[in-house]
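In this note's numbering, the protein residues as written are 33 to 145.
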């Protein structure tokens, strides 16, 4: 099976794409250990989200900063393509790295809490 054969169901836990300027999102593809974030890169392995998007977390100058691995899986990035603006990237974040307040706020699955 190639990556083009793999169907990926993306469930948006938080976020919407009203325009191309600001389109943060937190998504789930069914992996019990990982969530995906659409955010603006701030350095190697770090990204930021607007403070209003993640009010559960402390912000600095209107931004919440998180750590995550830049997603390089072509099928996953293609599945998220409509949600990622030019200045944003898709990050893969293990559940144990997501601050508890945010993880609990966006999780509806009892296995994630």
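Using N, Cα and C, we set each Cβ at its ideal position, and we do this for glycine too.
Only a predicted model underlies this, so the values are computations on that prediction, with no experimental measurement involved.
Could you compute how far the alpha carbon of residue i sits from the alpha carbon of residue j?
i, j, result
"residue 104", "residue 82", "23 Å"
"residue 138", "residue 118", "25 Å"
"residue 96", "residue 85", "9 Å"
"residue 48", "residue 72", "15 Å"
"residue 65", "residue 43", "15 Å"
"residue 61", "residue 129", "17 Å"
"residue 45", "residue 106", "21 Å"
"residue 98", "residue 39", "28 Å"
"residue 56", "residue 123", "11 Å"
What is the DSSP secondary structure of residue i, counted as helix, strand or coil?
i, result
"residue 143", "Confidence is the limiting factor: at residue 143 the pLDDT is only 47, short of 50, which leaves the residue's position unreliable, though a coordinate-based value still follows. Helix at residue 143."
"residue 138", "helix"
"residue 62", "coil"
Can you give me the Cβ contacts of residue i inside the same chain, cut-off strictly under 8 Å, excluding the 5 residues immediately before and after it?
i, result
"residue 121", "70, 71, 72, 73, 79, 102, 103"
Keeping to the same chain, check which residues put their C-beta closer than 7 Å to that of residue i; ignore five residues upstream and five downstream.
i, result
"residue 131", "89"
Exercise. Quick check: the segment 108-116 against the segment 73-92, are there 3 or more CB pairs under 8 Å?
Worked result: no
Problem set entry | Length at least 3, wholly inside the segment 76-111: the beta strand (DSSP E) runs in chain order | 78-82, 95-99
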